[in-house]
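Remarks on the structure that follows.
Residue numbers (the numbering used here): 8 to 171.
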């Protein structure tokens with residue numbers, strides 16, 4: 008299995024779920040889509056059910072991007088080009104530096120790194136939707152995309168100014 012119970016415990020420890028009194032009950036890993044989401048990786052959704060001290064159940068959702076186990080050629084390319092390490096470096100080091108308190112995030116939150124996989128918050132659980140990639144953006148979505156790019160740009164400028 009790609010994700011173990013120990014992995015899930017690490018994910019919970021690194022996530023915003025910080026209730027140490029919660030007990031891991033179940034977890035389920037499934038493919039994120041029956042369609043191809045990206046080219047070089049395999050994508051999964053992780054649902055975790057925890058029971059809190061007051062017996063309330065809480066469902067937590069995560070998105071996992073993993074080096075392909077379904078296509079050896081893709082996995083080899085990722086390895087040869089060090090793509091996993093580069094992406095992990097970006098999310099665990101660079102993006103962390105670009106996160107500005109009070110500024111709405113411009114990408115999913117990095118949660119944890121596993122062996123050959125990166126775990127993010129699941130934006131679908133926050134009610135973000137994936138648009139049809141063949142549909143053009145209308146004005147509202149174009150403006151939203153530009154605002155997101157502006158936040159990314161602003162965070163890099165703030166980072167540079169803070170380094171001086």
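Where a beta carbon is used, it is the ideal one built from N, C-alpha and C, also for glycine.
The model shown is predicted, which means the values in this text are computed figures rather than measured ones.
Exercise for review: Could you say which of 22, 132, 156 and 47 lies nearest to residue 117 if we only look at CA atoms?
Suggested key: 22
Review point. DSSP three-state call for residue 24: helix, strand or coil?
Key: coil
Check your understanding: Three-state secondary structure (DSSP) at residue 5?
Key -> Outside the modelled stretch of the chain, which goes from 8 to 171, sits residue 5, for which no answer is possible.
Exercise for review: Indicate whether the contact test is met: 3 or more Cβ pairs, each with one atom in the segment 119 to 136 and one in the segment 91 to 98, closer than 8 Å.
Suggested key: yes
Point to revise | Through-space distance from residue 151 to residue 161, alpha-carbon basis | key: 15 Å
Check your understanding: DSSP on residue 17, reduced to helix/strand/coil?
Key -> helix
Check your understanding: Does the count of Cβ pairs from the segment 27 to 45 and the segment 64 to 80 closer than 8 Å reach three?
Key -> yes
**Study point:** Contact belief for residue 120 with residue 99 at Cβ below 8 Å, rounded distance in angstroms
**Key:** 6 Å
Check your understanding: Would you call the CB atoms of residue 77 and residue 106 closer than 7 Å?
Key -> no
Exercise for review: Any chance you could list the alpha helix (DSSP H) runs of at least 4 consecutive residues sitting entirely within the segment 57 to 139, in chain order?
Suggested key: 79 to 87, 90 to 96 and 102 to 105
Check your understanding: Rounded to a whole number of angstroms, what is the C-alpha to C-alpha distance between residue 139 and residue 171?
Key -> 42 Å
Review point. Are residue 67 and residue 55 touching if we call contact CB-CB under 7 Å?
Key: yes
Review point. So, residue 81 versus residue 137, is the Cβ gap smaller than 7 Å?
Key: no
Check your understanding: Can you pull the DSSP bridge partners for residue 49?
Key -> 73
Review point. Given residue 15, which residues of its chain have a CB within under 8 Å of its CB, disregarding the five upstream and five downstream residues?
Key: 31, 34, 53 and 55
Point to revise | Contact set for residue 29: own chain, Cβ-Cβ below 6 Å, skip 5 residues either direction | key: 57 and 59
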